[in-house]
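Each remark here refers to the structure printed beneath this line.
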Amino acid sequence: MSQSQRRATDAVVSTRNARRTYYLGEPVHALDGVSLSLPEGSFTAVMGPSGSGKSTLMNLLGCLDTPDEGDVEIDGQPVAGLSGAERARLRGTEIGFIFQTFNLMPRLTAAENATLPMVFNKDVGVGRRERAEQLLTRVGLGDRLDHDPTELSGGQRQRVAIARALVNEPSLVLADEPTGNLDTDTGAEIMELFEALHDEGRTILMVTHERQIAEHAERIVHLVDGQIEEIEQLDDSAGAKREVITDETD
Ligand SMILES: Nc1ncnc2c1ncn2[C@@H]1O[C@H](COP(=O)(O)OP(=O)(O)O)[C@@H](O)[C@H]1O
Ligand SMILES: [Mg+2]
């Protein structure tokens, strides 16, 4: 999926009437008919009570799971039509995942963790070590390449995880409670990185239960009982527009 071939209004990924039911005794309708599109370059937050289906939705959008009913399309291509191997390749090359618990490999260094997804062999033009240096410098850890996760703070671990998510230059970044294990100040620093990713034109979907964190996005999808209750636009362009108008009258 090439970013340049896509029109600005195209959805990078979308679900249409997606349902996902878990059968453990009583059926649980984790997602109960969700239609959502992520336009290219958009930044969406998903909020909702525990158990409302946030992670299930993220897993469907990220090709980690498939719906029982309805469709998921990535770049206009139905995910249901792909083989397991094709889905894995799509995940590895086009989607970056960031999790609440960082999910770093404990015995690997920051540099080794950050470059693990290079196993998918998407050509990023440089070797592993150089790529690790580029990425870790970008997230502010250029001096921590050879540290183990145990030698890093929570915020630093999440930075390594963000570097890892970016290693193959994915067009889509999916984050499940990325600040959930961090204190408020560290969470705010991590959000600065997310805003930089957004400014670079990446498409972002971020699950969070913190309103303050969600407000870094352009809109908030509110999930309740596996359904979209509301999509709240957080339009801060009013302020930007006022500035433009002031400029024009100068
Ligand atoms: N692998 C699973 N097996 C059975 N039930 C699950 C599984 N994953 C999630 N669920 C159930 O689906 C519902 C939605 O879960 P989830 O998407 O994880 O919610 P959230 O991320 O909003 O807390 C919950 O009731 C949860 O218990
Ligand atoms: Mg969850």
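Taking the numbering used here, I'd label the letters of the sequence shown as residues 9 to 258. Backbone N, C-alpha and C fix where the C-beta goes; we use that ideal spot for every residue, glycine too.
Item                                                                                                                                                                     : Value
Return the CA-CA distance between residue 108 and residue 91, expressed in angstroms with no decimal places.                                                             : 29 Å
Kindly identify the DSSP beta-bridge partner or partners of residue 230.                                                                                                 : 55, 238
Below 8 Å, how does it come out for the segment 64 to 82 and the segment 177 to 192: are there three or more Cβ pairs, yes or no?                                        : yes
If you count every other CB in all the chains shown that lies within 10 Å of the CB of residue 125, and 16 or more means buried, which is it?                            : buried
At what residues does the beta strand (DSSP E) containing residue 109 begin and finish?                                                                                  : Premise fails: residue 109 is in no beta strand (DSSP E) and is neither H nor E.
Please give the ranges of any beta strand (DSSP E) in the segment 125 to 206, keeping only runs that are unbroken, at least 3 residues long and fully inside the region. : 180 to 184
Strictly closer than 5 Å from CB to any heavy atom of ligand 1: give me those residues in the order they appear in the chain.                                            : 30, 32, 36, 38, 58, 59, 60, 61, 62, 63, 64
Where does residue 104 fall in DSSP's three states?                                                                                                                      : strand
What separation, rounded to the nearest whole angstrom, lies between the Cα atoms of residue 212 and residue 195?                                                        : 17 Å
Taking residue 59 as the reference, which of 24, 215, 81 has the closest Cα?                                                                                             : 215
In whole angstroms, what is the alpha-carbon distance linking residue 252 and residue 153?                                                                               : With a pLDDT of only 43 at residue 252, under the threshold of 50, the placement of this residue in the model should not be trusted; the figure read from the coordinates follows. Computed Cα separation, rounded: 43 Å.
Is residue 51 closer than 7 Å to residue 225 when the C-beta atoms are compared?                                                                                         : yes
List the endpoints of the continuous beta strand (DSSP E) containing residue 77.                                                                                         : 77 to 82
Below 8 Å on the Cβ atoms is my guess for residue 165 versus residue 112; work out the distance and round it to an integer in Å.                                         : 6 Å
Roughly how many angstroms separate the alpha carbons of residue 77 and residue 29, rounded to a whole number?                                                           : 9 Å
How long is the line joining the alpha carbons of residue 249 and residue 242, rounded to whole angstroms?                                                               : In this prediction, residue 249 has a pLDDT of 41, which is less than 50 and means its spatial position is unreliable; nothing more can be read from the coordinates.
How long is the line joining the alpha carbons of residue 83 and residue 21, rounded to whole angstroms?                                                                 : 6 Å
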